Structures are given as structure tokens and as C-alpha cells.
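Asker:
There are 2 protein chains.
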Amino acid sequence: MTPRKAVPARPTMRDIAAQAGVSPMSVSRALSGGPGVSERTRAEVLAAVQALGYQPNEFARQLRTGGPTHVIALVVTHLANPFYAALALGVERVASAHGSRVMIMSTMSDLDTEREVVADLRRRPVDGVIIIPATPDHRHLKELADQGRPMVFATTPPNGIDADSVTVDDFGGMRELCSQLLADGHTRIGLIGLNHAMWTGSERLRGYSAAHAEAGVEVDDKLITERAGDIASATKATLRLLRLHQPPTAVIATNNLMTIGALRAVRDTGARAAVAGFDDIEVADLFQQPLTVVRYEAEQLGVRSAEQLFVRLAQDDDKAAGPTRELITTTIVRYG
Amino acid sequence: MTPRKAVPARPTMRDIAAQAGVSPMSVSRALSGGPGVSERTRAEVLAAVQALGYQPNEFARQLRTGGPTHVIALVVTHLANPFYAALALGVERVASAHGSRVMIMSTMSDLDTEREVVADLRRRPVDGVIIIPATPDHRHLKELADQGRPMVFATTPPNGIDADSVTVDDFGGMRELCSQLLADGHTRIGLIGLNHAMWTGSERLRGYSAAHAEAGVEVDDKLITERAGDIASATKATLRLLRLHQPPTAVIATNNLMTIGALRAVRDTGARAAVAGFDDIEVADLFQQPLTVVRYEAEQLGVRSAEQLFVRLAQDDDKAAGPTRELITTTIVRYG
DNA sequence: TTGAAAGCGCTAACAT
DNA sequence: ATGTTAGCGCTTTCAA
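Just so you know, the protein sequences line up as chains E and U, in that order.
Residues in the first sequence are numbered from 15 upward in steps of one, following the numbering used here.
Residues in the second sequence are numbered from 15 upward in steps of one, following the numbering used here.
1. What span of residues does the alpha helix (DSSP H) with Leu-60 of chain E cover, start to end?
2. Based on Cα-Cα distance, which residue from U:Asp-299, U:Leu-271, U:Ser-319 and U:Gln-303 lies nearest to Val-166 of chain U?
3. Any C-beta of chain U sitting closer than 9 angstroms to the C-beta of Asp-124 of chain E?
4. Using a Cβ-Cβ cutoff of 7 angstroms, what residues of the segment 92 to 123 of chain E are near chain U? List them in chain order.
5. At which residue ranges does the segment 209 to 261 of chain E contain complete beta strand (DSSP E) runs of 3 or more residues, listed in the order of the chain?
6. Between the Cα of Leu-88 of chain U and the Cα atoms of U:Ala-197, U:Arg-241, U:Pro-147 and U:Ala-62, which residue gives the shortest distance?
7. I need the straight-line Cα distance from Arg-163 of chain U to Pro-139 of chain E, nearest angstrom please.
8. In chain U, what lies closer than 7 angstroms to Asn-71 of chain E by C-beta?
9. Pull up the DSSP beta-bridge partners for Val-308 of chain E, would you.
10. For Asp-360 of chain U, does the count of other Cβ atoms within 10 angstroms reach 16, so buried, or fall short, so exposed?
11. Report, in whole angstroms, the separation of the C-beta atoms of Thr-268 of chain E and Gly-207 of chain E, which I expect to be a contact under 8 angstroms.
12. Quick check on the DSSP output: the alpha helix (DSSP H) that includes Ile-144 of chain E runs from which residue to which?
13. State yes or no: is the beta carbon of Phe-292 of chain E nearer than 9 angstroms to at least one beta carbon in chain U?
14. Would you say Glu-311 of chain U faces chain E, with C-beta separation under 9 angstroms as the test?
15. State the CB to CB distance for the pair Met-188 of chain U and Val-308 of chain U, rounded to an integer number of angstroms; the pair is presumed to be in contact (CB under 8 angstroms).
16. Using beta carbons (cut-off 9 angstroms, strictly below), is Thr-79 of chain E in contact with chain U?
17. Indicate the three-state DSSP secondary structure (helix, strand or coil) for Gly-162 of chain E in the structure shown.
18. Counting only beta-carbon atoms, is Phe-301 of chain U nearer than 9 angstroms to chain E?
19. Do you know offhand how far Ala-290 of chain E's Cα is from Gln-303 of chain E's?
20. For a test of the three-state rule: what should DSSP assign to Asp-330 of chain E, helix, strand or coil?
21. Verify the CB distance criterion: does Ala-85 of chain U have a CB-CB separation below 9 angstroms to chain E?
22. Note down the Cα distance separating Thr-273 of chain E from Ile-266 of chain E, rounded to an integer number of angstroms.
23. Can you tell which of U:Ile-238, U:Thr-263, U:Gln-260 and U:His-259 has its C-alpha closest to the C-alpha of Ala-251 of chain U?
24. Below 8 angstroms on the Cβ atoms is my guess for His-154 of chain U versus Asn-173 of chain U; work out the distance and round it to an integer in Å.
25. Using only alpha-carbon positions, find the residue among E:Pro-82, E:Pro-38, E:Phe-73 and E:Leu-77 that is nearest to Ala-62 of chain E.
26. CA-CA distance, Pro-150 of chain U and Ala-334 of chain E?
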């Protein structure tokens, strides 16, 4: 942490009061637009504000009134993933409409980083928090929630915490996608980059299994590859599957990054395996390979999460209802 | 469902002091780790902190000390554009290393929205601001800067403001890209979605012109299409060019969105025009059409901007040097 | 080593 | 309609 100079001195209400020849209280009243100020005083105050370029200090006001800070926090895993960027934009849009700003923090899917971020949030008076949890361990998040901070969990429901959530229909989306592949005649379908430990991962696996069961096709565990962190490892995992004695005729990637990796692997081997994946890819129509995806509105996920948060913020604590669970629906899209 | 338990008001330092049987001052000292506290007192304070789940209020501290808020603002045009998302991630990484958080605001390239955002920032004690200006009109930004707020301009230098900037080598990148196309034998090269009014636009046009001049090829103004706001209008603009009596044999798109639009137009018409563009596209290797791009590290742009901001924040006002201008270099990448 | 007093910038509550 | 007092949660200053 580098040393810093203090924020440059800004004029305060006292300065305005002095300049306008009134008391600070009159300045406060004049600026808040409330009644009890003569037009003449108000005019003089506004003139002084203009002259000195005064801007009220929101922190001080908030400290005194105990009112909202008009800042909400958004904790994501990786902002550069277009999916989270879209979600963030949705959150920002809603926050903006409510006069609030968004503080964004990326955890890079690292539990320790998430802990740090959360510790920071406990000290910082933000009005509420929207979080995409990095891991299934939510103990530190419970401490935040217990502080009385309204929280909304996005993409993953809370684990042992009494909080709202907005999630994607991971199960239904994967089941439908997988069913279509099975209907196309595929009986050996690979699953790339599954993370059993995460809620989304287990839900998507459940959908995969359900589709197989409904089609009366047995699942071969050798076709399910373990968690892959990035595109390159998704490519490797896919290559491993394609080299099996009985390779899959189709692969399903468990998120947008895994999809890119899988496409590269199939292209490089010249295999004729069909590729499908969770998460839409905006430019998939330009790909040389056909692709089927589970699409849902990432921005909408952010919008709904933020709206739910503001509902909570507007609520009286006493008559607050139990946690809500909202589901974002999915559709299947075929490219090429 | 369990009724949400009444939120306990956040404990303050006084509560800790009472619980530990000491004065608030001792609590402050114990927590700040400073000298002048007996081990016994410190232990009792820490125990009380644990017992009550106390977290200091950073605002109150900041108000009293006048120190930094450890919040910086990042104003971008559109967070969902992968380019700005990457930039934001770079900013966040550096900020995090300096113990600061990032408040992100998207202007959607709208001047009025930018004005609102800036007005908000004038009231909110953030330590500094990194901005990608939405338009060439920087008057409202000057008011922010005049307040003494350290500012760094990213992608576009300030207009009449004494502030640092980090920009891309728009001119050099475009000149090199265009030169390569000319060397490939193209003499009619379209330019898609140029925004003359923006600094980046004029720089890129300058590079386009310079390359033509160096190659001794005359520029045909009919090949230069006006500003296009989104992918769809880029497609339309490209289609218009391709239908010209003497159509271009190559088109250069002026940013990543324009590139997508141009690729779609060329694909849909089955034209044989080569496509090139400013900004890299991560999955371009999967495209069915060849593509040449001007690549640069978007995240690095964010990193350098943030680093420059923290340099300013660490500086004494008196011995502050003049504005710095940093250039991010570009390379040409051919896909397919 | 500890505490009491004062004040950061602002506003609620009570004067006048 | 205006001003005075007090205090939000914290820390600096000064006294004990």
C-alpha cells in the first residue's frame, strides 16, 4: 500500500455559510430544498455555492443521518468473463435507476481473495451486496449477512444463510440440451470441465444424468472430465476424451470458456464430434464449426439480482419475508 | 421459513469500550496497533471485539483523519464490451494491490449520463478517477479535475485539462494494419464505423491516410463510412460499401464491434473482401473467415492507468510534475 | 499507560 | 425564518 497525500481540501458548509453571511444550518436547509428558508437566503447560499464550487460531502451526511450510502457491492469471480461483465452491467443499470453506484470486486475464483474482499466489505458501509460465490464455502459470507447486510446470491444459492438468490435453470437447461443430443442419436456424450463441488456444476450434472435416464442411455463415467480452470485445460480435457478407445460422438462444455477449449480441440483433431455448451457465445454464428448452446440472459440475471436487493433495502426489517428464490430460464440455440 | 432475526445495530467503539471496561480511546489505540497500550488492555479490547463482532466504520475514520477513502472510480462507456471489462479488471488488480476498491460506472457513451456520473463523483469522496471519455466534450470533466481530484484519461487524452493519460497507439496500429493490406495488393480499402469526432477515430483515420500516402494510393472518401453505434449498423454500413459500383477489396473495422458486423456482412454477401479490424477478438481463430487485427493488451491499459493514478495519489501536491502521456503499443495478428 | 475534550462535515431537535 | 446545541463514529491533542 503506497503512502498517500490527503484528499485536497474542499470547501465545507461553514465556508459557504461565511461567504453567504448566514449560519451553516441555513445552508443545509437551502441545499436540501426543505422549507423554512427565505428566497433571499436561498439565493445567497446558492451564489456562494457557485462561487466556491462547493459540493456537499456525502459521507458526512450519511454519518449524521444514518441513511443509505447509495453504494452497493458486486462480488464476481472474474470480470473479464463476458458473462459476468454482462451481469455487472445489468446490476449497474438497476443501481443507477435507484441512485446508487456499484463497487465491483473480482475474486478470481479464489477463496482467500473472496475472504479478503468480504472482510473489507464488513468495514465499509455499503447498503447491500450481490455476490457470485467463488466456492461452496460460505462461512465468511454468513458473517457478512449476520451483520445485517442485505445480500443477494447470484448463480448459486446461499449455503446455510438466510438470503435471497437468483439462479439460472442449470438443471433444466442441461437436461434439455443433453436430450436434444441424445435425440440426435448420440449415445456417448462427453462432459468437459465439470466442477462437482460447485452448485452449478452439480445441477448441470444432474441435468445430464436425468436426460440420459429419460432416454434409457447409460452414462459412462469415463466421459465426464473433472474441473478445468481455463480454456487451455478444457482443450486438453477434450483431447483426452477424443483419444479414448470409445470416444464420445458429442461433447458438452460446462461453461463458455470450456466451450472455446472444446471447439479448439475438436477442430485440431479433425474429429467429427458435435460440440455443445452452457452459456451463449455472441459470435458463435461466425464459427466454422456448428455449436449448440444453452442460452440465458446474463444481463437479466444482474437486473433481477439488483432489483431483489433494492426490494430488501426498501423493506422494514421487522416485517421482512423469508428468502426468495428466482430462476432465470434457458433456451437452446443451434448455430451452424 | 424462519423469520429473519432482527438485525442488531452495528456495535460502535463505545460498545467495545463499555464491554472491555476501558475508554473509547484505548479501543482506538488497541485496534490501530499503535503504542501506548498495555498488553492486558489490548487483550481485553480484542476479546470484546470478538464478542460483539465489531468492525470499525471506515467512513467515520476517514471523516476524522481526512485520509484517503481507498475507493477509486472507473468511468467506462460500456462494461459489457470485453475490451472495457478487461481494462476494468486491470484497474481492479492494481487497486486491490494498493488496498483500494473500484467503483465502476458505465456511461453507455451518452454525454448526459456521463455528466450525471461526474456530478455524482464530485459529491462522493473518491481518491481519484480513471475515465474513458464518452465524447470530445470534456468541460464537465474539467470541473471534476479542478476540484483537485486526480484523474487519468484512458484511451483518449484530456481536452483542455491538465491530467495524465494512457492511450493506445491508434495511429501507428492503424497505419501498420493498413500498410499490410496495401502491400497485399488492396487498393480500395473500406473503413467501417469511423467516428471522426472522437480522438481515437481521428487518430485511426490519420493512420489510414498515412499508410495510403506512403503507398502512393489515393484515398476514396466513398469508402469511409460514418460512425456506427452497434454491430447491426456496422453490418449495414459494410453492406453499403460492398454494393458500391467499385466495391472495396478489403475493409477495416474501427473497433471490435464493427469487426463483428463487417464479418457478418461479408459472409452474408459471399463477397471475397478481406476483413481487418482494430481490437483483438479472443476467439477469432475459430472463425470461418480469415481476419487480421490490431492487438494490444486491454488489461494492461487498465493496469498502467491505475498505476499512474496511484503515483499521483502518492505525490505531494507541491512537487507534482506535469501531465504524463503513456502509449500502449500494438501488434498485428493474422487469423486464418 | 490512560482518559477527557474537541472536532472532522453534516443535520435533527430544539430554541428564538 | 434563522440560529444554537448536540452528536453520528472515529481520532488528534492535550492533560493526568
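C-beta: ideal position from N, C-alpha, C; glycine also.
Everything numeric in this text was worked out from a predicted model, so none of it was measured.
Answerer: Taking the geometry as given:
1. 53 to 66
2. U:Ser-319
3. no
4. Residues Leu-93, Ala-94, Pro-96, Ala-99, Ala-100, Ala-102, Leu-103, Glu-106, Arg-115, Val-116, Met-117, Ile-118, Met-119 and Ser-120.
5. With a minimum length of 3 residues, the continuous beta strand (DSSP E) runs that stay inside the segment 209 to 261 of chain E are 238 to 240.
6. For the residues U:Ala-197, U:Arg-241, U:Pro-147 and U:Ala-62, the minimum Cα distance to Leu-88 of chain U belongs to U:Pro-147.
7. 22 angstroms
8. Pro-139
9. E:Phe-292 and E:Ile-346
10. Given that chain U is displayed from residue 15 to residue 350, the structure contains no residue 360 of chain U and the question cannot be resolved.
11. 5 angstroms
12. No alpha helix (DSSP H) contains Ile-144 of chain E, which is instead part of the beta strand (DSSP E) from 142 to 145.
13. So no, Phe-292 of chain E is outside the interface.
14. No - not a single Cβ of chain E is within 9 angstroms of the one on Glu-311 of chain U.
15. Indeed they touch by this definition, with Cβ atoms about 7 angstroms apart.
16. no
17. coil
18. yes
19. Ala-290 of chain E and Gln-303 of chain E have their C-alpha atoms some 11 angstroms from each other.
20. If DSSP states are grouped into helix, strand and coil, Asp-330 of chain E belongs with coil.
21. As written in the sequence, residue 85 of chain U is Val, which differs from the Ala given in the question. With 9 angstroms as the cut-off, Val-85 of chain U counts as an interface residue toward chain E.
22. 8 angstroms
23. U:Ile-238
24. The Cβ separation is near 11 angstroms, so there is no contact.
25. Residue E:Pro-38 holds the alpha-carbon nearest to the alpha-carbon of Ala-62 of chain E among E:Pro-82, E:Pro-38, E:Phe-73 and E:Leu-77.
26. Those two C-alpha atoms are separated by around 48 angstroms.
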